[in-house]
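There are 2 protein chains.
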Amino acid sequence: MYLNWIFSERTWEMKSSAIREILKITELPDVISFAGGLPAPELFPVDELKEACESVLTKFGPRSLQYSITLGYPPLRKFLAERLSKRGIKVGFEDVMITAGSQQGLDLVGKAFLDRGSFVIVENPTYLGALHAFKAYNPHFITVEMDEEGMILEQVEEHIKKSKPRLIYAVSNFQNPSGITMSKKRRERLVELAKEYYIPVIDDNPYGELRFKGEDLPYLKELGGDWIIELGTFSKLISPGLRIGWIVVSKEVMGVFEKLKQGADLHTSTFAQHMIYEYVKNGNLDRHIELLKKEYSKRRDAMISALKKYCPEGVRWTEPEGGLFLWVFLPEGVSATGLLDKAVERKVAYVPGKPFFAKEDKDNTLRLNFSNASCEKIEEGIKRLAQVFKEYL
Amino acid sequence: MYLNWIFSERTWEMKSSAIREILKITELPDVISFAGGLPAPELFPVDELKEACESVLTKFGPRSLQYSITLGYPPLRKFLAERLSKRGIKVGFEDVMITAGSQQGLDLVGKAFLDRGSFVIVENPTYLGALHAFKAYNPHFITVEMDEEGMILEQVEEHIKKSKPRLIYAVSNFQNPSGITMSKKRRERLVELAKEYYIPVIDDNPYGELRFKGEDLPYLKELGGDWIIELGTFSKLISPGLRIGWIVVSKEVMGVFEKLKQGADLHTSTFAQHMIYEYVKNGNLDRHIELLKKEYSKRRDAMISALKKYCPEGVRWTEPEGGLFLWVFLPEGVSATGLLDKAVERKVAYVPGKPFFAKEDKDNTLRLNFSNASCEKIEEGIKRLAQVFKEYL
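These protein sequence lines map, in sequence, to chains V and W. For the first sequence, position 347 (counting from the first letter as 1) is numbered 367 according to this note's numbering, and the numbering increases by one without interruption. For the second sequence, position 317 (counting from the first letter as 1) is numbered 337 according to this note's numbering, and the numbering increases by one without interruption.
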């Protein structure tokens, strides 16, 4: 196909993403899809954002449409720094850079730290968008197993000693895909390891504020100081379509990220930053997050109840205390990839676990999203899915 | 400073950008600055964009705020494909991908084609944002001299034979920084070279539609087919703060760019794409471009008249037929970098030519922007600048 084209090595090495093909199938009409990772669109604050647009263009006019600084709109960065400070993360606005969603944060982290062949420690399974972003820089992935408390840190320390990885990538809260949250003890220990061995830990934290149950745990960045780089985003809290995220790194190295961001896209949309700031500055955000938590909590409960009610023996799942996803284990030897066609025939869809594993995959796993369907659809969808499990297990 | 941090090699090799320090100085109050590359904010269609926001959120609601496909909003891509087709560039919407400004197009091109040590042919001087984007992939730059017809193609062919570059980077219309436009003959020959040697030519074309004088020339992509990759943007035509650009590549290789874009930021702001489409779909764009051309043409004329009126002998400049910039040559041996302080003392600023040269620089050059100041300010600013030249030459 690319007969005459000479691409970079990274380009040749990138495989086509299986999940995108899967998502196409799952978007057929009538299919109840638990496959995507979409927030509930009916909860987007459309009217408030309409007011925000009007207000920004009236107050700021051309300034909201002009080029702006690479690090991002200072009042928005200040808002974020203050919000983080309330959680005990003592940062100023100069430690926060606005990115095009946290996906861009991942790309910039890869660009900043990874050379061909550098080692990166990732959870097994992990967010596939991070694998995709990092792969552009051709690292070697080291996978670390998880239990219900998160990454197994004895494995992490062993790998650190053996391979001196350039970074450790974690989703500490309500992990995508597994729904697992790292325990307090593990958080403390991971932060110690980062300091002891001088290894940056990337805490990708899109769901941290979406806790429905249990007690809030300190963020890694709160425990860890400079070695923790936190990625955040408004995608799950306000709207993903505005593409506004942020990266928190110590000022000491912010210059590196600023330069990389400048080369990548100069800066994030001035207008979208103003729009978000206009929305959050009046205290809308906390109120809106409460609404999301209430609704997502119901959906999560509906999914877990339905799983309990309909699933045959031998099927297990995680019971996350927040976030958007839960993770299902089929009996050993059963292929979730193989079952997907059968599920789609029955008009229900999920993402098989396979693409979330950097190396050795466990194909008896699958990810279910509970934020994008009503409780009724969830009940009906899980019923259909359990039927498939029953027939083919 | 970065005592304990281990970054990627690209990070260590990136130098801090001199121009950003310069721009800080030039933004002091009372300084008439010809240094930036900003479009005229007083011409932004603020009211129409306000209507577009209102209309998008009313008509599309949550859909304009949700995640969307990596390649970009199909109606906007169709609009662009049709617009290009009217110019003789026969492409469909599947040949167009939306990017976060054309700066992201440059980053993706670098990512797609460049390995450490790959050769890239660039004009001398060239757009420094392209040098910055490409440097993240550690290529070697090969510089080709320009005359009033653009790149000297004998040099290009020689370098192709010698080094087999991975790509040729050109700004064919009203180049930033020099204001030079490639002649028709050179365009035809460059396209032949691309085909003959299978080398992608990146035509970075933010100013192509801003021609005030002279006859329209065919775009490289019109002459060249598959080997020409065109980058476009609404930054100079509507608003840079929305960060909406595009890349035109043949469908055959679009999959590569789609994958890279997905890893970089998933997709460009759904809302900003809708907003722009809402604005352009009713024919606003052509009318607005006419307005810009009329005003920028006046400013360009004002700058050239003032240069003629005030400059001492030995100072030369280009007289571009469009775009945002012109390029000044001081007598050999005079340093434009050295004179900048004197100019700022007199409350006028420019960018010295130095950072626009990938390798051997000519420090007796400087870039002047004429889009961001009124004709009166231009006259006054050039008068001050000419005074500095007179005193220090």
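By construction, the Cβ of each residue, glycine as well, lies at the ideal position given by its N, Cα and C atoms. Keep in mind that this is a model prediction, so the values were computed, not measured.
Between Y412 (chain V) and L327 (chain V), the beta carbon gap of about 17 angstroms keeps them out of contact (Cβ cut-off 8 angstroms). Look at A55 (chain V) here: in three-state DSSP terms it is coil, with no helix or strand label. Between L237 (chain W) and chain V, the shortest Cβ-Cβ separation is not below 9 angstroms. If the five residues before and after V111 (chain W) are omitted, its C-beta is found closer than 7 angstroms to the C-beta atoms of A101, L104, S105, V268, all from its own chain and listed in chain order.
Judged by beta-carbon spacing, Q293 (chain W) lies beyond the 9 angstroms limit of G81 (chain W), meaning their Cβ atoms are not closer than that value. It is roughly 28 angstroms from the alpha-carbon of L262 (chain V) to the alpha-carbon of L312 (chain W).
Taking 9 angstroms as the cut-off, the beta carbon of Y147 (chain V) is found no closer than this to the beta carbon of F349 (chain V).
C-alpha of V164 (chain W) to C-alpha of V221 (chain W): approximately 14 angstroms in a straight line. One thing to note: G342 (chain W) has its Cβ within 9 angstroms of the Cβ of F194 (chain W).
Just so you know, the alpha carbons of I296 (chain W) and M117 (chain W) end up roughly 15 angstroms apart. Close CB contacts of Q123 (chain V) within its chain, under the 7 angstroms cut and outside five residues either way in sequence, are with G149, A153 (chain order). Secondary structure note for N144 (chain V): its beta strand (DSSP E) is the uninterrupted segment 139-144.
The alpha carbon of K205 (chain V) has as its nearest neighbour, out of V:D381, V:P238, V:L126, the alpha carbon of V:P238.
Flagged as an interface residue toward chain W: C73 (chain V), by a C-beta distance shorter than 9 angstroms. In this structure the region 70-78 of chain W touches the region 66-76 of chain V; the number of beta carbon pairs closer than 8 angstroms is three or more.
Taking a beta-carbon distance threshold of 9 angstroms, V176 (chain V) does not count as an interface residue toward chain W. Straight-line measurement puts the Cα of S270 (chain V) at about 6 angstroms from the Cα of D246 (chain V). At a cut-off of 9 angstroms between beta-carbon atoms, H160 (chain W) makes no contact with chain V.
In the DSSP assignment, D115 (chain V) falls outside any beta strand (DSSP E), carrying neither H nor E.
The three-state secondary structure of E178 (chain W), taken from DSSP, is helix. Annotation: N389 (chain W) to K181 (chain V) spans about 54 angstroms, alpha carbon to alpha carbon.
Looking at the backbone, the Cα of F345 (chain V) and that of S394 (chain V) are separated by about 14 angstroms. For W347 (chain V), the enclosing beta strand (DSSP E) stretches over residues 345-349. Short of 6 angstroms from the beta carbon of I249 (chain W), and not among the five residues preceding or following it, lie these beta carbons of its own chain, in chain order: P220, I222, V269. Near chain W, meaning a CB-to-CB distance below 7 angstroms, the residues of the region 59-71 of chain V are P61, E62, F64, V66, L69, K70. Setting aside the 5 residues that flank it on each side, S203 (chain W) is surrounded in the same chain by E169, G170, each with a C-beta closer than 7 angstroms to its C-beta; the list follows chain order. Nearest C-alpha to S259 (chain W) among W:V51, W:T357, W:Q175, W:L58: W:L58. G252 (chain W): member of the beta strand (DSSP E) spanning 248-253, first to last residue.
Against Q86 (chain V), the close residues of chain W are L58, P61, P260, G261, in the order they occur along the chain (beta-carbon pairs closer than 7 angstroms). Using a CB distance below 8 angstroms, the part of the region 268-286 of chain W facing chain V consists of E272, V273, G275, V276, K279, L280, Q282, G283, A284, D285, L286, ordered along the chain. Neighbourhood of S53 (chain W) in chain V, by CB distance below 8 angstroms: empty, with the nearest CB roughly 13 angstroms away. As DSSP reads the structure, I162 (chain V) sits in a beta bridge with V:I141. T385 (chain V): member of the beta strand (DSSP E) spanning 385-389, first to last residue. The residue among V:D50, V:E114, V:D135 with its C-alpha nearest the C-alpha of R30 (chain W) is V:D135. Exclusion of the five residues before and after K301 (chain V) leaves P95, F99 as the residues of its chain whose Cβ lies within less than 8 angstroms of its Cβ.
The continuous stretches of beta strand (DSSP E) do not include G342 (chain W), and DSSP gives it neither H nor E.
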